[in-house]
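Residue numbers (our numbering): 80 to 380. Accompanying notes for the structure given below.
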């Protein structure tokens with residue numbers, strides 16, 4: 080997806096971890112939920128990207144999320160369109176997502192608050208525990224922050240076989256932002272992580288986040304920025320949409336399990352099959368955000 084070349088992004092939400100992204104000891108008080116947190120991080124490393132629903136299992140330490148972070152500021156649309164400049168692309172995507180979701184919440188007379196985005200390298204300490212790049216992008220409800228390792232988009236191409244273009248990268252950001260929307264609406268609390276499988280609550284949560292990403296991408300080219308200016312993104316081409324669908328398929332549970340050589344086990348799915356993820360991304364893109372609530376009621380494909 081292409082940014083307007085003259086677009087300038089005004090956001091303080093995206094930060095970069097300085098000093099190599101090293102984890103900080105004592106950033107979280109685990110309490111009784113520590114074992115659950117560890118298990119979920121390990122499971123995510125094997126099964127796919129992102130962690131959700133950890134906030135109720137842990138206690139946040141006030142020092143989590145602090146450290147040697149710097150804002151990613153001053154980017155333009157031209158810089159964000161540079162394939163090598165994922166930092167500016169994430170900043171531009173956050174600018175558009177912020178404008179879109181604040182508008183949706185305002186239209187429905189709901190209170191909205193922004194997540195923050197941290198770009199890191201190697202490992203990071205969060206309110207949901209310590210994570211490494213093996214986990215992939217994830218949302219932590221304990222600090223309402225999205226974490227993206229700078230190596231992940233290369234791994235999408237080399238490990239998961241995705242095309243890894245600009246819209247696939249923005250899809251990942253939009254998906255994680257979708258988990259923040261679930262945090263605000265209470266849907267994230269509906270997830271029972273023992274409830275796995277194609278129709279389980281864990282999978283439904285992931286599919287709703289895919290749907291939210293699709294709804295944003297469809298509306299981004301008509302969503303004015305928060306300063307009242309023109310949208311920062313132009314409408315995606317069919318090739319770019321295929322790029323996003325390709326990413327959704329590449330990180331489906333069945334695709335990842337097939338690559339592992341251990342066979343496909345639907346009962347263990349936590350993120351959804353390639354078909355499910357593509358279907359719900361398309362539902363959001365074609366029908367808008369109102370379609371995404373249905374994921375909790377209808378049979379999932």
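Ideal Cβ positions, reconstructed from N, Cα and C, are used throughout, including at glycine.
Cα-Cα separation between residue i and residue j, rounded to whole angstroms
i	j	result
residue 87	residue 273	44 Å
residue 205	residue 225	10 Å
residue 297	residue 176	12 Å
residue 339	residue 345	14 Å
residue 197	residue 209	14 Å
residue 102	residue 202	Summary for residue 102: the model assigns pLDDT 31, below 50, so the residue's position carries little reliability, and this model does not support an answer.
residue 193	residue 186	16 Å
residue 331	residue 316	23 Å
residue 265	residue 378	21 Å
residue 261	residue 341	32 Å
residue 319	residue 311	16 Å
Cβ neighbours of residue i in the same chain (closer than 7 Å, five flanking residues each side left out)
i	result
residue 368	183, 291, 294
residue 370	290, 362, 363
residue 347	275
residue 248	165, 168, 232
residue 178	302, 303, 304, 305
Cβ-Cβ distance between residue i and residue j below 9 Å
i	j	result
residue 232	residue 171	no
residue 353	residue 328	yes
residue 251	residue 216	yes
residue 80	residue 299	yes
Same chain, Cβ closer than 6 Å to residue i, neighbours up to 5 away in sequence not counted
i	result
residue 191	181, 184
residue 373	none
residue 285	350, 351
Collapsed DSSP secondary structure at residue i in the structure displayed
i	result
residue 208	strand
residue 157	helix
residue 373	helix
residue 330	coil
residue 149	strand
residue 356	helix
residue 203	strand
residue 191	coil
residue 95	strand
residue 186	helix
residue 346	helix
Chain C contact for residue i (CB, 9 Å cutoff)
i	result
residue 375	Absent from the structure is chain C; it holds one protein chain and no more.
Practice task
Could you tell me which uninterrupted alpha helix (DSSP H) segments, each at least 4 residues in length, are contained entirely in the segment 236-280, listed from first to last along the chain?
Solution key: If we require 4 residues or more, the alpha helix (DSSP H) runs fully inside the segment 236-280 come out as 245-264.
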